[in-house]
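>
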Amino acid sequence: MDVKPGRIVMTGAAGRIGSVLRAGLRADAEHLVLLDREPVEPEGDRESAARVDIGDRAALVEAFTGADAVLHLAAIPDEAPLDDLLDVNVRGTHNVLEAARRAGVPRVVLFSSNRVTGNYPIHHHVFPDEPPRPDGLYGVSKVAAEALGQLYADTFGLEVVALRVGSFAEEPTQTRHLATWLSPRDCVGFARAALTAPNVAFVAAYAVSGNARRFWDLSAGENELGYRPVDDAARFAGRFGDDDPFWHGGPQGGAFARPESVLPHLRE
Ligand SMILES: NC(=O)c1ccc[n+]([C@@H]2O[C@H](COP(=O)([O-])OP(=O)(O)OC[C@H]3O[C@@H](n4cnc5c(N)ncnc54)[C@H](O)[C@@H]3O)[C@@H](O)[C@H]2O)c1
Numbered sequence: 001m002d003v004k005p006g007r008i009v010m011t012g013a014a015g016r017i018g019s020v021l022r023a024g025l026r027a028d029a030e031h032l033v034l035l036d037r038e039p040v041e042p043e044g045d046r047e048s049a050a051r052v053d054i055g056d057r058a059a060l061v062e063a064f065t066g067a068d069a070v071l072h073l074a075a076i077p078d079e080a081p082l083d084d085l086l087d088v089n090v091r092g093t094h095n096v097l098e099a100a101r102r103a104g105v106p107r108v109v110l111f112s113s114n115r116v117t118g119n120y121p122i123h124h125h126v127f128p129d130e131p132p133r134p135d136g137l138y139g140v141s142k143v144a145a146e147a148l149g150q151l152y153a154d155t156f157g158l159e160v161v162a163l164r165v166g167s168f169a170e171e172p173t174q175t176r177h178l179a180t181w182l183s184p185r186d187c188v189g190f191a192r193a194a195l196t197a198p199n200v201a202f203v204a205a206y207a208v209s210g211n212a213r214r215f216w217d218l219s220a221g222e223n224e225l226g227y228r229p230v231d232d233a234a235r236f237a238g239r240f241g242d243d244d245p246f247w248h249g250g251p252q253g254g255a256f257a258r259p260e261s262v263l264p265h266l267r268e
């Protein structure tokens, strides 16, 4: 039976992934409630929108009331000072989970990141239940966000899916993407599966296209969410040289894992 997403609330709806998911889910979601701290224009009578900061728990409870699931995308999506990441990515995620509990929303889908494990070497095939090995402060904030999700699943029975998103882009733009690319079509596929899969308690799954050179295991997505990605970055391999130093070894996060990526964000 094809299960439809019902009334879905999306945080961070004005962002890059939010805009794609909105278009991809519009056809079969009963209603989309679009939240962002930036303005979002609803389209048609099956969308509504509100300007809400995820720091405002009371506003989240109000917006979540009556929803079947929350897609939580709002975040600082890259390296930043730890205080800012703690505020938006960790406290903000806690507000979302707590607001879902208070409003009686059964399921929350957290947009986590591949960078929770970005310091594993490229030759290591990572399963989502291996210990975290973040490649920077952003990755640390997403580890904490996933841990909050696990807490709410274990303690309160909230259904939580943490999607460890790869490199979301229309097409791969650098050699690392031959392993890490997440196509828009597969992004919608993973999100839809995370919203509708039966028997979810807590699931962490890599959301990456079926790239031949990937270093993340896809079985959690396939077995627990019922989604197998359809795209493969290999189709773009001709655009990138074979001898890029990235493939010689080193962390999966590539440039993200270098000290120079973290150092500018370390305050005195
Ligand atoms: N784009 C990628 O390749 C990628 C990879 C891994 C994980 N992710 C995760 O996916 C999610 C979406 O990423 P994106 O690329 O669309 O990012 P984005 O920056 O384009 O969108 C994030 C949205 O969140 C909103 N936002 C930020 N702080 C907010 C707050 N305090 N309250 C309300 N809204 C707030 C922003 O206004 C923005 O519209 C993020 O959680 C990100 O960490 C993205």
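For the sequence shown, full-length UniProt numbering gives the first residue as 1, with consecutive numbering after it. Virtual Cβ for every residue (Gly too), placed ideally from N, Cα, C.
What residues are listed by DSSP as bridge partners for I8?
Residue numbering aside, residue 8 sits at position 8 when the sequence shown is read from its first letter. Looking at the DSSP assignment, I8 forms a beta bridge with L32, A69.
> Taking all protein chains shown into account, do 16 or more other C-beta atoms lie within 10 angstroms of the C-beta of N223, making it buried, or fewer, making it exposed?
Translated into positions along the sequence shown, residue 223 becomes position 223. Burial call: exposed.
> May I ask you to check if the CB of P77 is nearer than 7 Å to at least one heavy atom of ligand 1?
Position 77 of the sequence shown, counted from the start, is the residue given in the question as residue 77. Correct: P77 has its Cβ closer than 7 Å to ligand 1.
> Please identify the residue among D28, P134, L97, N114 whose C-alpha is closest to the C-alpha of R218.
Here residue 218 is taken as the residue at index 218 of the sequence shown, counted from 1. The question names Arg, but residue 218 is Leu in the sequence shown. Comparing alpha-carbon positions, the option among D28, P134, L97, N114 lying closest to L218 turns out to be N114.
> Do G166 and W181 have their beta-carbon atoms positioned less than 8 Å apart in this structure?
Here residue 181 refers to the residue found at position 181 of the sequence shown. Here residue 166 refers to the residue found at position 166 of the sequence shown. Their beta carbons are under 8 Å apart, which means W181 touches G166 by this criterion.
> Does ligand 1 have even one heavy atom less than 7 Å from the beta-carbon of F168?
By one-based count along the sequence shown, residue 168 stands at place 168. Yes; taking the cut-off as 7 Å, the Cβ of F168 has a heavy atom of ligand 1 nearer than that.
> Short check: CB of N95 to CB of G44, under 8 Å?
Numbered from its first residue, the sequence shown carries residue 95 at position 95. Numbered from its first residue, the sequence shown carries residue 44 at position 44. No, these two residues do not count as a Cβ contact at 8 Å.
> Less than 7 Å between C-beta atoms, sequence neighbours within five positions excluded: which residues of the same chain meet that for D135?
Here residue 135 refers to the residue found at position 135 of the sequence shown. Counting only Cβ-Cβ distances below 7 Å, and skipping sequence neighbours, we find R115, G118, N119, P251, G253, F256, A257.
> Please name the residue in A74, V3, A27, A58 whose C-alpha comes closest to that of L34.
Translated into the one-based positions of the sequence shown, residue 34 becomes position 34. Among A74, V3, A27, A58, the Cα nearest to that of L34 belongs to A74.
> Would you check if the distance between the CB atom of V200 and the CB atom of E159 is smaller than 8 Å?
Taking the sequence shown and counting its residues from 1, the one referred to as residue 200 is at position 200. Taking the sequence shown and counting its residues from 1, the one referred to as residue 159 is at position 159. Yes, these two residues count as a Cβ contact at 8 Å.
> Under the three-state reduction of DSSP, which class applies to R51: helix, strand or coil?
The residue you call residue 51 lines up with position 51 of the sequence shown. Note: R51 maps to strand in three-state DSSP.
> DSSP on V109, reduced to helix/strand/coil?
One-based indexing of the sequence shown puts residue 109 at position 109. DSSP places V109 in strand when its eight states are reduced to three.
> Which value, in whole angstroms, describes the spacing of the CA atoms of D244 and E41?
One-based indexing of the sequence shown puts residue 244 at position 244. One-based indexing of the sequence shown puts residue 41 at position 41. If I take the Cα positions, the gap works out to 43 Å.
> Starting from V116, trace the beta strand (DSSP E) both ways and give me its first and last residue.
Locating residue 116 in the sequence shown gives position 116, where the first residue counts as 1. Here V116 belongs to no beta strand (DSSP E), and DSSP marks it neither H nor E.
> Just how far apart, CA to CA, sit V52 and M10?
If you number the sequence shown from 1, residue 52 lands on position 52. If you number the sequence shown from 1, residue 10 lands on position 10. Going from the Cα of V52 to the Cα of M10 covers about 11 Å.
> Name the DSSP bridge partner or partners of A204?
Translated into positions along the sequence shown, residue 204 becomes position 204. DSSP lists A162 as partners of A204.
> Looking at P81 and H248, is the spacing between their C-beta atoms short of 8 Å?
Indexing the sequence shown from 1 puts residue 248 at position 248. Indexing the sequence shown from 1 puts residue 81 at position 81. Their beta carbons are not under 8 Å apart, which means H248 does not touch P81 by this criterion.
> By the 10 Å Cβ neighbour count, where 16 or more other Cβ atoms means buried, how is H123 classified, buried or exposed?
Walking along the sequence shown from the start, residue 123 turns up at place 123. Label assigned to H123: exposed.
> Return the chain-ordered list of same chain residues with a C-beta closer than 6 Å to the C-beta of D186, the five sequence neighbours on each side being excluded.
Here residue 186 refers to the residue found at position 186 of the sequence shown. Within the same chain, D186 has close Cβ partners S209, P229, D231.
> Give the secondary structure of F168 by DSSP, where H, G and I count as helix, E and B as strand, and everything else as coil.
Counted from its first residue, the sequence shown places residue 168 at position 168. F168: strand per DSSP, three-state reduction.
> Could you pull the start and end residues of the alpha helix (DSSP H) that S261 belongs to?
As a first step, residue 261 must be located in the sequence shown, where it is residue number 261. Note, S261: alpha helix (DSSP H), 259-262.
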